[in-house]
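Just so we're aligned, residue 19 is where the sequence shown starts under the working numbering, counting upward by one. Please read the structure below before turning to the comments.
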Amino acid sequence: MQDTRPTQQRERLSTALAAVADGDQAALREVYDSTSAKLFGVCLRICQDREAAEDVLQQVYVKIWHRAGRFDAQRASPITWLCAIARNTAIDWHRANMVAHLPASAAAAVADPSPLAPEMIEAQQQSARIFDCLEELDDRPRTAIRSAFYDGLTYAQLADAMTVPLGTLKSWVRRGLIQLRGCLGDG
19 MQDTRPTQQR
29 ERLSTALAAV
39 ADGDQAALRE
49 VYDSTSAKLF
59 GVCLRICQDR
69 EAAEDVLQQV
79 YVKIWHRAGR
89 FDAQRASPIT
99 WLCAIARNTA
109 IDWHRANMVA
119 HLPASAAAAV
129 ADPSPLAPEM
139 IEAQQQSARI
149 FDCLEELDDR
159 PRTAIRSAFY
169 DGLTYAQLAD
179 AMTVPLGTLK
189 SWVRRGLIQL
199 RGCLGDG
């Protein structure tokens with residue numbers, strides 16, 4: 019028997035976000051109560067500072083209040099949409115604050131980051147090989163690997179988005195990575 023709790027939670031969050039879009043403060047409280055721990059973790063991981071993460075989390079819920087009408091359950095699960103807002107807000111904070119904390123003397127220590135021509139050619143060839151090998155995979159493992167490694171989604175977020183059990187998604191990724199390793203080893 020399949021567990022329906024994730025589906026019920028997804029539906030409850032979708033309904034609450036629709037109510038938030040209509041200006042329902044109680045619905046925002048419900049969204050906060052069921053997601054604040056996870057979203058705080060996202061903010062803390064990026065900000066690396068508890069106080070900053072708390073400030074960023076407050077900004078996240080202000081954005082949710084203003085943007086709830088933009089949520090589309092057909093495009094993403096509610097938690098994926100909420101995590102994207104938290105992640106982007108925390109990254110914006112990180113960018114704004116890391117530049118301000120660098121001393122002027124750090125500029126002299128920065129090496130020229132541009133790669134040499136042979137390194138660029140090798141990197142382009144490697145990227146092309148990876149892309150070609152990804153194209154050889156079945157659709158589901160290819161989508162899961164691209165979303166996990168290029169878009170930065172967690173396996174749990176992917177399982178929700180693809181509406182499959184977490185174990186199934188992990189199996190797809192594992193089999194796909196094994197196929198990729200074999201393909202890249204052949205080249």
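The beta carbon of each residue, even a glycine, is placed where N, CA and C say it ideally should be.
- Collapsing the DSSP output to three states places residue 136 in a helix.
- Apart from the 5 residues on each side of it in sequence, residue 177 sits with its Cβ closer than 8 Å to the Cβ of 183, 184, 186, 187 in its chain, given in chain order.
- Nearest C-alpha to residue 40 among 162, 56, 189, 83: 83.
- Within the segment 32-90, the alpha helix (DSSP H) runs of at least 4 residues that lie entirely inside it are, in chain order, 43-65, 68-85.
- Distance from the CA of residue 101 to the CA of residue 60, rounded to the nearest whole angstrom, comes to 7 Å.
- Non-local C-beta neighbours of residue 81 in its own chain, meaning closer than 7 Å and more than five positions away in sequence, comprise 103, 107, ordered along the chain.
- Annotation note: the segment 159-203 contains the following uninterrupted alpha helix (DSSP H) runs of length 4 or greater, listed N- to C-terminal: 173-180.
- The DSSP-derived three-state label of residue 145 is helix.
- For residue 42 and residue 55, the gap between their C-alpha atoms comes out near 21 Å.
- For the options 142, 99, 162, 169, the alpha carbon positioned closest to that of residue 53 is the one of 99.
- By the beta-carbon neighbour count (other beta carbons within 10 angstroms, threshold 16), residue 168 is exposed.
- Pairing residue 190 with residue 164 gives a Cβ-Cβ distance that is not under 8 Å.
- The C-alpha of residue 141 lies about 10 Å from the C-alpha of residue 148.
- A check of alpha carbon separations from residue 195 across 65, 170, 154, 175 identifies 154 as the nearest.
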